[in-house]
Structure formats: C-alpha cells, structure tokens
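The block underneath contains the structure these notes are about, expressed in structure tokens.
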Amino acid sequence: MSRVRCTVDVEGPAQGVGFRPFVHRLAARYELTGSVCNELGRVHIEVEGEEARLASFIAALHSESPVLAKSLSFNVEVNTALHVERDVFRIAASRRSELHGTTVIVPADLATCEACLRELNDVNDRRFSHAFINCTQCGPRASIVLDMPYDRARTAMAPFALCERCQHEYESPDDRRFHAEPVACPSCGPQLRVLDRAGAVQSEVDPVARVTAALCAGDIVALKGIGGFHLICDATNERAVVTLRQRKGRARKPFALMARDLVAATALCTLDDAARAALQSPARPIVLAARRHDARIASQVAPDVATLGVMLPYAPIHHLLFRTLPCDALVVTSGNRSDEPIACDDAEALKQLGGIADLFLTHDREIRLRMEDSVVRSTARGVASVRRSRGYAPLPLRSAFEIATPTLALGGHQKAVFALGHGRSVVLGPHFGDLGDYAAGVAFRGALAHLERVLRFAPQQIVHDLHPDYATTRLALERAAESGVQETVAVQHHHAHLASAMAEHGLSGEVIGVCFDGSGLGDDGTLWGGEFLVGGYAQSTRAAHLRSVALPGGDRAAREPYRVALAYLRECSRSAREAGLEGLVDARALTQVQQLLAVPALCARTSSAGRLFDAVASLAGVVQVASYEAETGMRLEALAATCAPCGSYPFEIAGADTTAQPRVVDTRRLV
Ligand code: ZN
Ligand code: ZN
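Printed below as a string of structure tokens:
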C-alpha cells in the first residue's frame, strides 16, 4: 500500500458553509491524516493516506460538497515534502497570509435551517426558543463579519465567550455545530431585550411575549433582525397598517409582507415553482408575485397594485413571533424614515424610529454590514433579481470577461450599489437607497470602506455615471483624487444598464438592448430613458429612442404626472379641457405648467419611458401626483390586469425608411 501526501486548495464560496467540518468528516471516513484551514480567499487542505483512499477523498470533495462544486475550483498537488502528522486530521488555525491570484469571498447570511428549527421548537432541547440558534448550515455571516478569514474571533460573536457545552459542540467533529463560528446558546449567546420609545429597558418581561402582545394590540414594533431593523405590524389589522403609513410618512407605496409559512404565502399570492423555490431558499428574498383577489390582508398594505412582496421567516426571532401570533402575515418594512438607511444599532433605531415604533425588540449582537432584504420578481421565465442584498451580497458574481485592472464601479444615484471587480470576480455591495439623503451617503461610504478592507481590495480604476451631479459621481472623483487613482471612466447610464443586463444573463457579443427607464444623462446632454441601443460591453450606439417631450419643472415633473401629460398634450396640439384634465388638477397649477411649457428654453427634454407612463396615467385619471417612484407604472399594470387584451397601441417610427440614426418612435398617437 503506497501512501501519498498532497495539498488541495479550494477557491470559491467555501467559508461559512460548514466546509472544513465536511472535509474533516471525509478525512475520517477515508482514514487520512493532515489538516484543513481557512486562508484568506481559499480553504487549504494538507492530507496523507493510502493512495486509493486519497483518490476517493478527492472525488467525494467534489461530489458531496455542501457548496455547489461547480462554484468551487479545486487545485490538487502531490507534495512528498509535506510534514503531515501521521495520526490525526485536525482543523487548524486560520492563516491570514496574503495570497496571489485568489479572491477573498465573504459568505452570505443564511436562513435558519430545518434542523435548527426542530431544536428551536423542541421543549427538551437546550436551545428551545433560543433566538440566536444557528449551525454550520445556517445563521448570520456577512452581517457579522469584521474581517476574513471567517472565524469567530473576527465576527461580532467574538465578545460572547462560549460556554462549556457550546465549546464542546464546536470542537466535536461529529457534532453539527463543529466549527459553526456564530454558535451560541441561551447561557452564552446574545440576549433579546425590549425597549420603550425612550430607550428604557423593559427588564421584567419575556421579550417575545411582550412583543407578540403588542402586535396583537395593533402596535408597531421595531425589530432588530439580521441586516438591520424592521418596522413590523399585524398585516391583517387595518388600523395598525394605516398608523404605520401615517407615522412613516409613506402614503401609498406598497409594504412587504412576511407570511407565517409557504401555505400562508400561497394564500396571498399566485406562486409558481420558481417563486416557491426562491421563497424557501436560504437567501429568503422578498418575492414579488401576483396578488390573489381573496388575500386576507388590510387594504392599505398595498393599495391599487396587482402584486404583493412576500417573504418567509428567516431569523429564529421571526419563527418565535409566529409561534404565538394569531395572524398569518406581518407587514415587515425597512426600519428607516423615507430615504434614510435602514437603522442597524439601538441608538440609530431610537433616533430614527422613536416617532414610529411603539416598542423596540433588540439584541446585543452587533450588525457590521447593514443590509436590506433582497427582492426578486416572479416572471414567466423564472425569478429575476430586483434588489440584491441580504442573503446574496457580498457573494461575488462571475464576470463574462477578464477585468485586468482592479476596478471600483459606482453606479446610479438612486438604488445605489457599488461593485468591486478584478479577474473574473465581481463583488456587488448591498443595496442602498437614494443617495440624495446625507445619512444614506455616509452609510454607503462606510459599507464600501468596510468591504474594501475585508476583501483587501485597492482599486486602480474607478468607473462612474456620466451624470456629473450624482452623489456616486462626486464620490468617484473624490476617491480618485484622495487615493491617487489615475484612471476614471464615465459610462452612459443606459449603456451601463445594457451591459449589466448582459452580465446577468451571461450574454456576449452584440445585442439589441431596450432600456425603459426613468431618466439618465445621454451622450448628447439630454435626458434619455426610452432607448433602443445596439452594442455590447465596450460600447453601444443609440439606434432609436422614444420621441422626446418637455419636462416642465425638472424633478417635480417626475413626481407630478399631470405636468408631463400637459407636455404631451402640447405636442399633440390638444388642450387640457379636451383631455378632461381640467376637472382632475387644480386650475392654477395647470396654468402655471402651461406658462412654463410656452418657453421651451425653460424645460429640459426627455425620451423617458417612465414619463410616458406618467402622462398616460394622468390622462387616464389614475394618478396626478405620485407618492412613490414607479407608482404610475404599477397602478396601470394593476388596471391592465383587470382588462381583456385589446390589441396594441398605435405609434410611428420616424426615419424607418432611411438609414439615418437614431430613429424616433413617435408616441403621440398612442397618447
Ligand atoms: Zn442550522
Ligand atoms: Zn453556550
């Protein structure tokens, strides 16, 4: 029997998923000795044993991996010079040495697994009702990571010393909490506590019982979860939902829901297999799906729209609340005021949410990376990502091409997300809101600095939007000046949309990209947003666009659809009276906008598809003043769902008979 020694380096998302314990079990099965450890950016295995057994071990590493083996790369090298201990296989201390050619991967947060749920609900288990239960297969990850490699000492769990029993589980190869870094129990883990609006601790009460009683009474609770605080209330209680709207200053924008379980979610929305799979996935995103007519929720949860955003419980505390709550769905919305970032510690929560929540349910485990819930949309072709955050970020995406220069990309000003790309790996940061808000800008910069440090990422090139006034553009230029990065690249907004859609779908070469958007600065200095581009990653040409229209009042025109309706009426030589707008909008407001439109120099022009929807929604008497972004489109979509299909709208393409570019899609007859 010949003995062989070799090293196996595993690159990819192999940390924080129980990979080392898995390697340890395999080594025991095949009677191999050696060690496994986390390094920065990879898992390193040194192993010795009988040749055939070693071959079986390596085959099993691929076939039985707790991570999809295709997302990992295995580099096996026979190395007779290794000093492998002859009698043990152990999990060795992590090494932080800098490595070349590898990318550090921060694991994503994982929803509570079935095995932990069984313990959570077992009165005889020592973790019965423990709000911080987790194992190698579930629990917080990215939200608690201070640094890599992923070890307890470099997470927000470091201050919680393991008790004897937890320590034993952590060190026992046969235990399912063997090297589960955030492991804890009621005697050694974080603790829940209830605060009143003034921040005073309600120490005499059982936190979960106190909060469920408050929810049943129609109160609003600020709940500290995985990526930040949520504001929650009983989704079947009309008064509670209306109160939440009033206090949050959120007139009509739909709220997301958390359903008790899949059965309850199915009673709210029409869910196909892909949507069900997304709902139950470890990332637990909010899934947008068609609302059922008989959905039993308060009317003010999502007024006048055809879809609902639903998710399932993903943290132990969610399961504990539903254990005693009589309702099957909670409103679960980001714990922030309008455009501010989601609150992630008690001080922020009390300051931001003190006027909104009646009660705070919080805990003493720190959140290191603020993350909102992710959102996916159920479509006829499976689920599509809408907002990629908790559960996905900051796991890398694979680029279709090699990114030779370490690149920081800062995109739009609204729904801001940054990207760090090098080689074939692109790490997207969590989603942030509109960076017009100062605190959102501070949080965005903080998250960027955090991930750059953890990933050892030093950009040598910074990419930004063409628009000079975006907060992200200003940040890009500031960063370049501060850090001496020579290379900055401005990218046209819709070319970036086209390229990111190509990347999402793994396309290459040339494509026709239809970008229907609110607005983005075009190459010609006008505002684009209804674009037909032809091109690829490197460049694109504007082949056609919607006919442009005046934008009376700039940003106000995007919030007050009747303004764009008047602009379209002017283009169509029709009056507000003929269109029936006079009865719908204040006469003085109409006159003011018409005066503005009479002076073309005062109005920018836009080819925006969003503004076309606004104009139609206004003329159809649906929305005159929008209370949230995309309200006109969503409400028209809801109305369309109630009608039988009745053909298409008329439009002309100017320039279709010539080779002149760009062609113009004239929508005046449609309007
Ligand atoms: Zn678990
Ligand atoms: Zn313990």
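Heads up: the sequence shown begins at 0 in numbering that gives the first Met the number 0, then just goes up one per residue.
All C-beta atoms in this analysis are idealised placements derived from N, C-alpha and C, irrespective of residue type, glycine included.
All of these numbers come straight from a predicted model, not from anything done at the bench.
message: Rounded to whole angstroms, what is the Cα-Cα separation between residue 289 and residue 25?
response: In the sequence shown, the residue the question calls residue 289 occupies position 290. In the sequence shown, the residue the question calls residue 25 occupies position 26. Going from the Cα of residue 289 to the Cα of residue 25 covers about 45 Å.
message: Let's see if you can read the secondary structure: which residues bound the beta strand (DSSP E) around residue 514?
response: What you label residue 514 is simply residue 515 of the sequence shown in a count that begins at 1. Taken as a continuous stretch (DSSP letters only), the beta strand (DSSP E) holding residue 514 covers 510 to 520.
query: Which residue from 297, 285, 321 puts its Cα closest to that of residue 308?
result: Residue mapping note: residue 308 aligns to position 309 of the sequence shown, counting from 1. The shortest Cα separation from residue 308 among 297, 285, 321 belongs to 285.
- prompt: By Cβ distance, which residues of its chain are closer than 7 Å to residue 149, with the 5 residues on each side in sequence left out?
  reply: Stepping through the sequence shown from its first residue, residue 149 is reached at position 150. Cβ neighbours of residue 149 beyond the five flanking positions: 14, 15, 37, 106, 180.
query: Between residue 185 and the rest of its own chain, which residues show a CB-CB distance below 6 Å, the 5 nearest in sequence each way excluded?
result: Here residue 185 refers to the residue found at position 186 of the sequence shown. Only 129 meet the Cβ criterion.
task: Would you identify the three-state DSSP class for residue 156, choosing helix, strand or coil?
output: Indexing the sequence shown from 1 puts residue 156 at position 157. Residue 156: coil per DSSP, three-state reduction.
query: Who sits around ligand 1, taking every residue whose Cβ is closer than 5 Å to one of its heavy atoms?
result: 112, 115, 134, 136, 137
field: Start and end residues, alpha helix (DSSP H) containing residue 215
entry: Looking up residue 215 in the sequence shown gives position 216. 206 to 215 is the extent of the alpha helix (DSSP H) around residue 215.
message: Here's the rule: buried if 16 or more other CB atoms are within 10 angstroms of the residue's CB, otherwise exposed. What is residue 612?
response: For the purposes of this step, residue 612 is taken as residue 613 along the sequence shown, with counting starting at 1. The residue is buried, with at least 16 neighbouring Cβ atoms inside 10 Å.
field: Every unbroken beta strand (DSSP E) within the region 323 to 375, with a cutoff of 3 residues, ordered by chain
entry: 328 to 333, 358 to 362
task: With a threshold of 6 Å, establish whether the CB of residue 186 neighbours any heavy atom of ligand 2.
output: Against the sequence shown, residue 186 aligns to sequence position 187. Under cutoff, so the answer is yes.
- request: Report yes if the C-beta of residue 36 is less than 6 Å from at least one heavy atom of ligand 2; otherwise report no.
  value: For this step, residue 36 is matched to residue 37 along the sequence shown. No, the beta carbon of residue 36 sits no closer than 6 Å to any heavy atom of ligand 2.
message: Could you tell me the alpha carbon to alpha carbon distance between residue 9 and residue 102, rounded to whole angstroms?
response: By one-based count along the sequence shown, residue 9 stands at place 10. By one-based count along the sequence shown, residue 102 stands at place 103. Cα to Cα, residue 9 sits roughly 11 Å from residue 102.
Span separating the alpha-carbon of residue 332 from that of residue 655: For the purposes of this step, residue 332 is taken as the residue at position 333 of the sequence shown. For the purposes of this step, residue 655 is taken as the residue at position 656 of the sequence shown. So the alpha carbons of these two residues sit roughly 47 Å apart.
field: For residue 108 and residue 151, the rounded distance between their alpha carbons
entry: As a position in the sequence shown, residue 151 is number 152, starting the count at 1. As a position in the sequence shown, residue 108 is number 109, starting the count at 1. So the alpha carbons of these two residues sit roughly 15 Å apart.
message: Tell me whether residue 642, by its Cβ, gets closer than 6 Å to a heavy atom of ligand 2.
response: Counted from its first residue, the sequence shown places residue 642 at position 643. Every heavy atom of ligand 2 is 6 Å or more from the Cβ of residue 642, so no.
task: Out of 225, 449, 251, 320, state which residue places its alpha-carbon closest to the alpha-carbon of residue 302.
output: Taking the first residue of the sequence shown as position 1, residue 302 is located at position 303. Nearest option by C-alpha distance: 251.
Residue burial classification, residue 74 (beta-carbon count within 10 angstroms, cutoff 16): As a working note, residue 74 is residue 75 in the sequence shown. Result: exposed.
Cutoff 6 Å; reference residue 294; Cβ partners in own chain excluding five residues on either side: Counting from one through the sequence shown, the residue named residue 294 turns up at place 295. Hits under 6 Å: 267.
query: Quick one: is the Cβ of residue 165 within less than 6 Å of any heavy atom of ligand 2?
result: Along the sequence shown, one-based indexing puts residue 165 at 166. Checking the Cβ of residue 165 against ligand 2 gives yes.
- prompt: Run through DSSP, which three-state label would residue 666 get?
  reply: Here the question's residue 666 lines up with position 667 in the sequence shown. DSSP places residue 666 in coil when its eight states are reduced to three.
query: What do you get for residue 299, buried or exposed, if any count of 16 or more other CB atoms within 10 angstroms of its CB means buried?
result: By 1-based counting over the sequence shown, the position of residue 299 is 300. Buried.
Residue 641 classed as buried or exposed, judged by whether at least 16 other C-beta atoms fall within 10 angstroms: On the sequence shown, residue 641 is found 642 positions in, with the first residue counted as 1. Residue 641 comes out exposed.
message: Could you compute how far the alpha carbon of residue 311 sits from the alpha carbon of residue 377?
response: Residue numbering aside, residue 311 sits at position 312 when the sequence shown is read from its first letter. Residue numbering aside, residue 377 sits at position 378 when the sequence shown is read from its first letter. Between residue 311 and residue 377, the C-alpha separation is close to 15 Å.
Proximity of residue 561 and residue 584 at Cβ, strictly below 7 Å: Start at 1 with the first residue of the sequence shown, and residue 561 comes out as number 562. Start at 1 with the first residue of the sequence shown, and residue 584 comes out as number 585. Yes, these two residues count as a Cβ contact at 7 Å.
Beta-carbon proximity of residue 604 to residue 549, cut-off 7 Å: Along the sequence shown, one-based indexing puts residue 604 at 605. Along the sequence shown, one-based indexing puts residue 549 at 550. Against a cut-off of 7 Å, the Cβ pair of residue 549 and residue 604 comes out as a contact.
- request: Measure how close the beta-carbons of residue 456 and residue 405 come, nearest whole angstrom, since I'm counting them as under 8 Å.
  value: Within the sequence shown, numbered from 1, the residue matching residue 456 stands at position 457. Within the sequence shown, numbered from 1, the residue matching residue 405 stands at position 406. 6 Å between Cβ atoms; contact.
- request: May I ask whether a heavy atom of ligand 2 can be found less than 6 Å away from the beta carbon of residue 232?
  value: Counting from 1 along the sequence shown, the entry for residue 232 is found at position 233. False, no ligand heavy atom lies under 6 Å from that Cβ.
query: Considering only the beta carbon of each residue, do residue 334 and residue 431 sit closer than 7 Å?
result: Translated into positions along the sequence shown, residue 334 becomes position 335. Translated into positions along the sequence shown, residue 431 becomes position 432. Cβ distance not < 7 Å, so residue 334 and residue 431 don't count as in contact.
message: Between the alpha carbons of residue 410 and residue 521, how many angstroms are there, rounded?
response: Here residue 410 refers to the residue found at position 411 of the sequence shown. Here residue 521 refers to the residue found at position 522 of the sequence shown. Their backbone Cα atoms lie some 15 Å apart in a straight line.
field: CA-to-CA distance, residue 644 to residue 99, given in whole angstroms
entry: As a first step, residue 99 must be located in the sequence shown, where it is residue number 100. As a first step, residue 644 must be located in the sequence shown, where it is residue number 645. With a pLDDT of 49 at residue 99, under the threshold of 50, the predicted position of this residue should be treated as unreliable, and no value is reported.
field: Proximity to residue 597 [Cα-Cα], best of 415, 545, 569
entry: As a position in the sequence shown, residue 597 is number 598, starting the count at 1. It is 569 whose Cα lies nearest to the Cα of residue 597.
- prompt: Three-state secondary structure (DSSP) at residue 493?
  reply: To locate residue 493, count along the sequence shown from 1; it is residue 494. Note: residue 493 maps to helix in three-state DSSP.
Rounded Cβ spacing between residue 526 and residue 514 (contact assumed at less than 8 Å): Position 527 of the sequence shown, counting from 1, holds the residue named residue 526. Position 515 of the sequence shown, counting from 1, holds the residue named residue 514. Contact doesn't hold; Cβ gap of about 13 Å is too wide.
message: What does the alpha-carbon distance come out to for the pair residue 364 and residue 141?
response: In the sequence shown, counting from the first residue as 1, residue 364 sits at position 365. In the sequence shown, counting from the first residue as 1, residue 141 sits at position 142. Whole-angstrom Cα-Cα distance: 13 Å.
query: Can the beta-carbon of residue 375 be found closer than 7 Å to that of residue 263?
result: Counted from its first residue, the sequence shown places residue 375 at position 376. Counted from its first residue, the sequence shown places residue 263 at position 264. Not closer than 7 Å, so no.
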